[in-house]
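Reading through the structure tokens given below for one structure.
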Amino acid sequence: MPFLKLNNVQMDILKETSNIGMGHAATALSQMIGHPVKLRVPHVTITKISQVPEYLGGAEKMMVGITLQVLGDARGSIMLLFPQESAHRLLCNLTGDQGKVLIMNEVTISALKEVGNILSSAYLSALGSMLHKTLIPSVPLLAYDMAGAVVDYVLIDLSKSSDLAMLVETDFIGESSSDLAIKGHFFLIPDPSTLDMFLDAAGGYQ
Amino acid sequence: MSEQVSIAESRIARAPAVLKAYGLGSCVAVALYDPETKLGGMGHMLLPDRPSSSPLGSESKYVDVGICQIVDQLVRAGAKRETLVAKIAGGANMFETSYQTLINSVGARNAKSARKTLGTLDIPIVGEEVGGNRGRTVEFDLATGKILVYCAHTENPISL
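Residue numbers (the numbering used here), protein chains in the order written: chain E, 42 to 247; chain A, 539 to 698.
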């Protein structure tokens, strides 16, 4: 289905399913880092592929991207993006490391991938049980580079079937006081055929 | 005066313009330049080739038809077809893994498609900065035909 034809009800369904999935994911992350993590209401954004990097705050902004494929009854990608400062704070919380800058090594990469894994698994299992579908995350992959370079990986997949990208985005915010907040974007990027299935299962079609 | 070439777009310009493509991952930037008229064009492409079954969407998304489109536009703008030279950058594999899936090789396939298309068009490739697992920002100066490639983890740009 062309993304353009989504009506308000269908957009709401996508938002709500994402909200529930992300709620579970945030709980999982809170337990992992020992601090509460807050959620921002998800946005469903439909935008031209060429505009996606700007949407993320600029193509050259340094980001840690963790991506997984969604396997099972539905297909799509998950992309989890942390600005480098947030990735650093997250690691400090996880490993107790007090380093001043973000250093990528085997341990930190593995820790960040595990965050991606836990968030995605919690999200997909909540989404799956709601839709009565089996959704399985693949092994996470990580890149630490410019935002544009990190996201074009998922855009390539999308661009095969469309000039538009649909992003189901949730921001999560750590301790909301101060600059110590951990900020991240969580994107669910369903394949166009999977989007039909989602809406169908959620009653978005009469 | 610099103009941005976003993902799935292409643009032609004349000196003294500077064309920029930010944050290339698996995407490739193909720059074409005519040193005589100082006309040049650059595309920021996502996919190696346009499948014959789906003529949908913009041409500048695909490496093969995208290159042809830039060449046509340059020639129409007054560039000499015979003196065109090309430089390519990008085509990285950002998510290095031990298992290779199809999508992982898309950067390599983009670069390969660019070489093949330019070969068919008989346009020489005079500079390349492709592959690896790093993101790149490309700055194409039409006054000189030089390209600077900036990478996130290195200090100095690479000049092509």
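In this text, a Cβ means the ideal position worked out from N, Cα and C, and glycines have one as well.
Determine the DSSP secondary structure at residue i, reduced to helix, strand or coil.
i        : result
LYS256/E : There is no way to answer for residue 256/E, as the model of chain E reaches only from 42 to 247.
ILE696/A : strand
MET145/E : coil
ASP138/E : coil
LYS56/E  : helix
PRO124/E : strand
VAL93/E  : helix
PRO231/E : strand
HIS65/E  : helix
SER564/A : coil
SER71/E  : helix
VAL543/A : coil
ASP248/E : In the structure as shown, chain E begins at 42 and stops at 247. Residue 248/E is therefore absent and cannot be evaluated.
LEU47/E  : coil
ALA559/A : strand
HIS129/E : helix
ALA551/A : strand
ALA569/A : strand
Hey, residue i and residue j: beta-carbon distance below 9 Å or not?
i        : j        : result
ASP40/E  : ARG116/E : Beyond the ends of chain E as shown, which are 42 and 247, falls residue 40/E; an answer cannot be given.
LEU183/E : LEU153/E : yes
LEU584/A : ILE608/A : no
LEU686/A : LEU698/A : yes
MET145/E : PRO124/E : no
ILE87/E  : MET238/E : no
ALA128/E : TYR185/E : yes
ASN158/E : LEU205/E : no
SER118/E : VAL195/E : yes
SER179/E : LEU112/E : yes
THR692/A : MET187/E : no
ILE663/A : ILE626/A : yes
ASP660/A : LEU612/A : no
GLU210/E : VAL85/E  : yes
LEU55/E  : PHE228/E : no
LEU168/E : LEU160/E : no
PRO181/E : GLU155/E : yes
VAL566/A : MET539/A : no
To the nearest whole angstrom, what separates the beta carbons of residue i and residue j, a pair I think is in contact under 8 Å?
i        : j        : result
THR658/A : ALA617/A : That belief does not hold up - the Cβ atoms of THR658/A and ALA617/A are roughly 18 Å apart, past 8 Å.
GLY629/A : GLY645/A : 4 Å
GLY62/E  : LEU80/E  : At roughly 11 Å, the Cβ-Cβ gap does not stay under 8 Å, so GLY62/E and LEU80/E are not in contact.
LEU562/A : GLY683/A : 19 Å between Cβ atoms; not a contact.
SER564/A : ASN631/A : 7 Å
GLY581/A : ALA551/A : With 8 Å as the limit, GLY581/A and ALA551/A do not qualify as a contact, their Cβ atoms being about 13 Å apart.
SER200/E : LYS599/A : 6 Å
ASN134/E : ILE74/E  : 4 Å
Whose CA, out of the options, lies closest to the CA of residue i?
i        : options                                : result
SER202/E : ALA100/E, ASN134/E, LEU165/E, ILE90/E  : ILE90/E
MET120/E : ILE144/E, GLY113/E, VAL93/E            : VAL93/E
ALA569/A : CYS689/A, VAL601/A, ASN631/A, HIS691/A : VAL601/A
ALA649/A : ARG619/A, ASP587/A, TYR688/A, GLN611/A : ASP587/A
GLN542/A : GLU677/A, ILE696/A, TYR688/A           : GLU677/A
ALA66/E  : LEU55/E, VAL78/E, LYS141/E, GLY189/E   : VAL78/E
GLU57/E  : GLN139/E, SER234/E, TYR164/E, GLY225/E : TYR164/E
GLY690/A : TYR560/A, ALA555/A, ALA553/A           : Checking the sequence, you will find Ala at residue 690/A rather than Gly. Selected option, being the one with the closest Cα: TYR560/A.
SER643/A : ALA553/A, VAL668/A, VAL623/A, ALA624/A : VAL668/A
(message) Give the list of continuous beta strand (DSSP E) stretches no shorter than 3 residues that lie fully inside the stretch 584 to 667 of chain A.
(response) Within the stretch 584 to 667 of chain A, the beta strand (DSSP E) runs of at least 3 residues that lie entirely inside it are, in chain order, 623 to 628.
(message) Could you tell me which whole beta strand (DSSP E) segments of length 3 or greater appear in the stretch 149 to 214 of chain E?
(response) If only uninterrupted beta strand (DSSP E) runs of at least 3 residues are considered, those enclosed by the stretch 149 to 214 of chain E are 176 to 178, 182 to 187, 205 to 214.
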